[in-house]
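Student:
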Amino acid sequence: MLIRSGRCGLASIKEVIFTQNDELIGDVIQLANQKIIGSSMELRGYTKAIFITLSLCLVLALVACESPLSRYSSTPANKSNQTEQQCRNLYRLTDLAYAVEPGRVFPATESIPSHCKVRAVINRAIQVEVTMPTNDWNGRMMFSTVGGGAGSIGDITSLLSRGFAMASTDTGHESQDMNFMTQPEALLDYGYRGVHLATQFAKATIQQYYAAKIRYAYLQGCSNGGRAAMLEATRFPDDYDGIIAGAPLFGFAEFVPWAMQAARHQAKNPLTQASLDLLDANSRHVCDALDGVEDGVINDPRLCTIKALDLDKLTCEEGEQTGCLSRGQIQTAQYIYQGLLDQNGNTVAPGVMPGAEAAGDWAMWMFPSDLLGDGSQSLNDSMAASLATMMRRVPSFDIGQFNPVTDYAQLDELHFMDVSTADLSEFKAGGGKLLMYQGWNDFPLRPERAINYLHKVQSENGGVEKTGDFFRLFMVPGMIHCATGPGAWMADYVDPIVNWTEKNVAPNQINATSQSKSNGFSRPLCVYPKLAHYDGKGDTSKASAYHCEVN
Numbered sequence: 012m013l014i015r016s017g018r019c020g021l022a023s024i025k026e027v028i029f030t031q032n033d034e035l036i037g038d039v040i041q042l043a044n045q046k047i048i049g050s051s052m053e054l055r056g057y058t059k060a061i062f063i064t065l066s067l068c069l070v071l072a073l074v075a076c077e078s079p080l081s082r083y084s085s086t087p088a089n090k091s092n093q094t095e096q097q098c099r100n101l102y103r104l105t106d107l108a109y110a111v112e113p114g115r116v117f118p119a120t121e122s123i124p125s126h127c128k129v130r131a132v133i134n135r136a137i138q139v140e141v142t143m144p145t146n147d148w149n150g151r152m153m154f155s156t157v158g159g160g161a162g163s164i165g166d167i168t169s170l171l172s173r174g175f176a177m178a179s180t181d182t183g184h185e186s187q188d189m190n191f192m193t194q195p196e197a198l199l200d201y202g203y204r205g206v207h208l209a210t211q212f213a214k215a216t217i218q219q220y221y222a223a224k225i226r227y228a229y230l231q232g233c234s235n236g237g238r239a240a241m242l243e244a245t246r247f248p249d250d251y252d253g254i255i256a257g258a259p260l261f262g263f264a265e266f267v268p269w270a271m272q273a274a275r276h277q278a279k280n281p282l283t284q285a286s287l288d289l290l291d292a293n294s295r296h297v298c299d300a301l302d303g304v305e306d307g308v309i310n311d312p313r314l315c316t317i318k319a320l321d322l323d324k325l326t327c328e329e330g331e332q333t334g335c336l337s338r339g340q341i342q343t344a345q346y347i348y349q350g351l352l353d354q355n356g357n358t359v360a361p362g363v364m365p366g367a368e369a370a371g372d373w374a375m376w377m378f379p380s381d382l383l384g385d386g387s388q389s390l391n392d393s394m395a396a397s398l399a400t401m402m403r404r405v406p407s408f409d410i411g412q413f414n415p416v417t418d419y420a421q422l423d424e425l426h427f428m429d430v431s432t433a434d435l436s437e438f439k440a441g442g443g444k445l446l447m448y449q450g451w452n453d454f455p456l457r458p459e460r461a462i463n464y465l466h467k468v469q470s471e472n473g474g475v476e477k478t479g480d481f482f483r484l485f486m487v488p489g490m491i492h493c494a495t496g497p498g499a500w501m502a503d504y505v506d507p508i509v510n511w512t513e514k515n516v517a518p519n520q521i522n523a524t525s526q527s528k529s530n531g532f533s534r535p536l537c538v539y540p541k542l543a544h545y546d547g548k549g550d551t552s553k554a555s556a557y558h559c560e561v562n
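Residue numbers 12 to 562, in our numbering, belong to the letters of the sequence shown in order.
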């Protein structure tokens, strides 16, 4: 339990843990009370010994104790080198909130500078790691959130060479196994609390090590990490000055039913890799040249409608077995493109945009994968079991009877983990900046979700112009989920968010490059609704030959 106020009474602990009202509060308070009053903690190595000692002192500590956030000096100190002893002594941040291992200094390698690394456990389960360059700290912190089911530490080294201190958390469980979701407190940590508590610890650690305040705090993450980023902006708007949110998972009630229905279509009328190759070729043939440049990338796939694709022309004639699709396979493809509709024809979850069917996302989610168990299931197949686990706390829920078309409203029980508000007024008032990016060809988290969210933010935060002062969306043609794909998707979002946050220089375009070394090209990524348009002259493989404008 993170105690920020300097007081340690049970009431204050509850106040900090439960900053938002949701369905789990009663259950989790009871569990939290039991764990606070309990004694032993099963921690690894050094942290276990620390917490056994602390638990013996618990009664006295609850009467009078001090938060590690109030323990460090806020007086700036210009030290170019931090000693190994200073790093090791960070274990002294250990108290009722944190179990901290002695820090360790790692020597420089070819790509990573010398740095101090600290590991800790919060709330007996939330693992956190913090890395800090021993020289030339730039006063900034970058927190990396983790995708999927979390369960591991994210990137904590990539920006050390640029002077950032870095941090990440597993959000309170290890591995991608979803069984942790049967425990209310673990589910809450994954939902939003784990990143927030880890953020508080990371800040305390960095400021203790450098004996100086963090000038700017940043966060970056994609997919589930993008969801965590958005929940930081909406639930804890004071945690970060600048946030990079990639392809956020906005809502489980939209994401899971769509995937379950896709799995059912695939089981009945399965697409194959040859099917995906055929669909990919068809999309490019029909729509690649719509932007004036045939480069293997559909710049605005919204123009590539199902009607334009004319899937019926791909139907196998009598006797044909290759280079065509069966009627059933066409139905499966139509569902993937169209999305999940309710009984009245309204969109519950949007479909996948045409243009990168063979790039990897479709196959990863639709075909059996060795990422899961014995390799007999696809990621879409796994959604039913994951949903059953997440909903186990609801006695009336029956996964065997769940109909994605008619029963998706039952998933309101998971609403506390969703990005449920577009009101970013507190984040804006604190000077926060939010940069979101989204691949046009993302399979699991389709692009219309990000565009719809932007429109909601504009509606609730003063309109298009005022929203653009603190929130900008960049759509990435040809990018699938978070990275890779046929488009130019490799981009640096860190410098743009830093310049925007610290100098108020808002990004209007960000240059990106493709992954191909033999046939590479670059394009400008534009602030939505603008898209890159060819100037009509110059090398079509160079970003300099394009400008941003609204279609």
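All residues carry an ideal CB built from backbone N, CA and C; glycine is no exception. All values reported here derive from a predicted model rather than from experimental measurement.
(1) To which residues of the same chain is TYR348 closer than 7 Å at the C-beta, ignoring the five residues directly before and after it?
(2) To the nearest angstrom, how far is the alpha carbon of GLY330 from that of ALA344?
(3) Please look up how many angstroms separate the CB atoms of GLY150 and TYR227, rounded, as I've assumed it's under 8 Å.
(4) For the stretch 197 to 213 and the stretch 180 to 187, state whether three or more C-beta atom pairs, one from each stretch, are separated by less than 8 Å.
(5) Which residue wins for smallest C-alpha separation from TYR539, given the options ASP418, ALA399, PHE485?
(6) Is DSSP giving PHE378 helix, strand or coil here?
(7) Measuring straight from C-alpha to C-alpha, what distance separates LEU322 and ASP418?
(8) Tell me whether SER470 is buried or exposed, calling it buried when 16 or more other Cβ atoms sit within 10 Å of its Cβ.
(9) Taking DSSP's pairing of strands, which residues face TYR229 in a bridge?
(10) So, helix, strand or coil for ILE491, using DSSP?
(11) With 16 as the cutoff for other CB atoms within 10 Å, does LEU398 come out buried or exposed?
(12) May I ask you to report which of helix, strand or coil DSSP gives ALA300?
(13) Give me, in chain order, the residues of the same chain whose beta-carbon lies closer than 7 Å to that of ALA494; leave out the 5 immediate sequence neighbours on both sides.
(14) For ILE341 and THR358, what's the separation of their Cα atoms in angstroms?
(15) Roughly how many angstroms lie between the CA atoms of ILE40 and TYR504, to the nearest whole one?
(16) Residue range of the beta strand (DSSP E) that CYS559 falls in?
(17) Measuring alpha carbon to alpha carbon, tell me which of PHE117, TRP373, GLU265 ends up nearest ASP353.
(18) Within a Cβ cutoff of 6 Å, which residues of the same chain sit near ILE255, ignoring the five residues on either side of it in sequence?
(19) Under 8 Å, with one C-beta from each stretch per pair, do the stretch 114 to 129 and the stretch 188 to 206 reach the 3-pair mark?
(20) I'd like the ranges of any beta strand (DSSP E) spanning at least 3 consecutive residues and lying wholly in the stretch 297 to 377.
(21) Here's the rule: buried if 16 or more other CB atoms are within 10 angstroms of the residue's CB, otherwise exposed. What is THR156?
(22) Could you say if the stretch 467 to 481 and the stretch 384 to 403 meet the contact criterion of at least three C-beta pairs nearer than 8 Å?
(23) From the DSSP output, which residues share a beta bridge with PHE482?
(24) Answer with buried or exposed for ARG295, where buried requires no fewer than 16 other C-beta atoms within 10 angstroms of its C-beta.
(25) With three or more C-beta pairs closer than 8 Å as the rule, is the stretch 385 to 395 touching the stretch 268 to 276?
(26) Report the option in GLY442, ALA292, ASN355 whose CA atom is closest to the CA atom of ALA370.
(27) How would you label THR94, buried or exposed, when you count the other beta carbons within 10 angstroms and need 16 or more for buried?
(28) Could you please give me the residues that DSSP links to PHE117 through a beta bridge?
(29) When burial is assigned at 16 or more other CB atoms within 10 Å of the CB, is ALA300 buried or exposed?
(30) Since ARG534 is in the beta strand (DSSP E), which residue starts that stretch and which ends it?
(31) What does the Cβ neighbour count give for LYS439, buried or exposed, with the cut at 16 atoms within 10 Å?
(32) Taking the alpha helix (DSSP H) that ILE573 belongs to, which residues open and close that run?
(33) Work out the CA separation of LYS279 and GLY334 for me, nearest whole Å.
(34) Over the uninterrupted beta strand (DSSP E) stretch that includes LEU542, give me the two end residues.
(35) DSSP three-state call for MET394: helix, strand or coil?
(36) With distances taken between CB atoms, is the gap from MET152 to ILE217 smaller than 7 Å?
Tutor: Let me lay it out:
(1) Reading the sequence shown from its first residue, position 337 is the one you call residue 348. Hits under 7 Å: ILE317, GLY362, VAL363, PRO365.
(2) Position 319 of the sequence shown, counted from the first residue, corresponds to residue 330. Position 333 of the sequence shown, counted from the first residue, corresponds to residue 344. Their backbone Cα atoms lie some 21 Å apart in a straight line.
(3) Counted from its first residue, the sequence shown places residue 150 at position 139. Counted from its first residue, the sequence shown places residue 227 at position 216. GLY150 to TYR227, Cβ: 7 Å. Contact.
(4) Yes: at least three Cβ pairs fall under 8 Å.
(5) Sequence index remark: in the sequence shown, residue 539 carries index 528 (1-based). It is PHE485 whose Cα lies nearest to the Cα of TYR539.
(6) Position 367 of the sequence shown, counted from the first residue, corresponds to residue 378. Coil.
(7) The count along the sequence shown starts at 1 and reaches residue 322 at position 311. The count along the sequence shown starts at 1 and reaches residue 418 at position 407. Between LEU322 and ASP418, the alpha-carbon positions lie close to 30 Å from each other.
(8) Counting from one through the sequence shown, the residue named residue 470 turns up at place 459. Counting C-beta atoms within 10 angstroms of its own C-beta, SER470 has fewer than 16 neighbours from the protein chains shown and is therefore classed as exposed.
(9) Against the sequence shown, residue 229 aligns to sequence position 218. Partner(s): MET153, GLY253.
(10) Residue 491 sits at position 480 when you count from the first residue of the sequence shown. The DSSP-derived three-state label of ILE491 is coil.
(11) By 1-based counting over the sequence shown, the position of residue 398 is 387. The residue is buried, with at least 16 neighbouring Cβ atoms inside 10 Å.
(12) Against the sequence shown, residue 300 aligns to sequence position 289. Assignment of ALA300 by DSSP, reduced to helix, strand and coil, places it in the helix class.
(13) For the purposes of this step, residue 494 is identified with residue 483 of the sequence shown, where counting begins at 1. Cβ neighbours of ALA494 beyond the five flanking positions: TRP500.
(14) Walking along the sequence shown from the start, residue 341 turns up at place 330. Walking along the sequence shown from the start, residue 358 turns up at place 347. Answer to the nearest angstrom: the Cα atoms are 20 Å apart.
(15) Within the sequence shown, numbered from 1, the residue matching residue 40 stands at position 29. Within the sequence shown, numbered from 1, the residue matching residue 504 stands at position 493. Model confidence at ILE40 stands at a pLDDT of 33, short of 50, so the residue's coordinates are unreliable; what they give is reported in the following sentence. Each residue's CA atom was taken as its position, placing ILE40 and TYR504 some 39 Å apart.
(16) The residue you call residue 559 lines up with position 548 of the sequence shown. 557 to 561 is the extent of the beta strand (DSSP E) around CYS559.
(17) The sequence position of residue 353 within the sequence shown is 342, counting from 1. Closest by C-alpha distance to ASP353, out of PHE117, TRP373, GLU265, is GLU265.
(18) The sequence position of residue 255 within the sequence shown is 244, counting from 1. So the list reads GLN231, LEU446, TYR504, ILE508, once near-sequence residues are dropped.
(19) Flag = no, the stretch 114 to 129 and the stretch 188 to 206 do not touch.
(20) Entirely contained in the stretch 297 to 377, the beta strand (DSSP E) runs reaching 3 residues are, in chain order, 350 to 352, 358 to 361.
(21) By 1-based counting over the sequence shown, the position of residue 156 is 145. Looking at its Cβ environment, which holds 16 or more other Cβ atoms inside 10 Å, THR156 is buried.
(22) Between the stretch 467 to 481 and the stretch 384 to 403, the count of C-beta pairs closer than 8 Å stays below three; the two stretches do not touch.
(23) Along the sequence shown, read from residue 1 onward, the residue named residue 482 stands at position 471. In DSSP, PHE482 forms a bridge with LEU445.
(24) Residue 295 sits at position 284 when you count from the first residue of the sequence shown. The residue in question, ARG295, is buried, as its Cβ has 16 or more Cβ neighbours within 10 Å.
(25) Taking 8 Å as the limit for Cβ pairs, the verdict is that the stretch 385 to 395 does touch the stretch 268 to 276.
(26) Residue 370 sits at position 359 when you count from the first residue of the sequence shown. For ALA370, the nearest C-alpha among the options comes from ALA292.
(27) Indexing the sequence shown from 1 puts residue 94 at position 83. Classification of THR94: exposed, given that the 10 Å Cβ count is below 16.
(28) As a position in the sequence shown, residue 117 is number 106, starting the count at 1. Answer by DSSP bridge pairing, in chain order: HIS126.
(29) Position 289 of the sequence shown holds residue 300. Exposed is the call here.
(30) For the purposes of this step, residue 534 is taken as the residue at position 523 of the sequence shown. Looking at the DSSP string, the run of the beta strand (DSSP E) that includes ARG534 is 533 to 537.
(31) Counting from 1 along the sequence shown, the entry for residue 439 is found at position 428. Buried, since its Cβ has 16 or more Cβ neighbours within 10 Å.
(32) There is no way to answer for residue 573, as the model of the chain reaches only from 12 to 562.
(33) In the sequence shown, the residue the question calls residue 334 occupies position 323. In the sequence shown, the residue the question calls residue 279 occupies position 268. Here the alpha carbon of GLY334 sits roughly 20 Å from the alpha carbon of LYS279.
(34) Position 531 of the sequence shown holds residue 542. Unbroken beta strand (DSSP E) run through LEU542: 541 to 545.
(35) For this step, residue 394 is matched to residue 383 along the sequence shown. In the structure shown, the three-state DSSP call for MET394 is helix.
(36) For the purposes of this step, residue 152 is identified with residue 141 of the sequence shown, where counting begins at 1. For the purposes of this step, residue 217 is identified with residue 206 of the sequence shown, where counting begins at 1. For MET152 and ILE217, yes; Cβs fall inside 7 Å.
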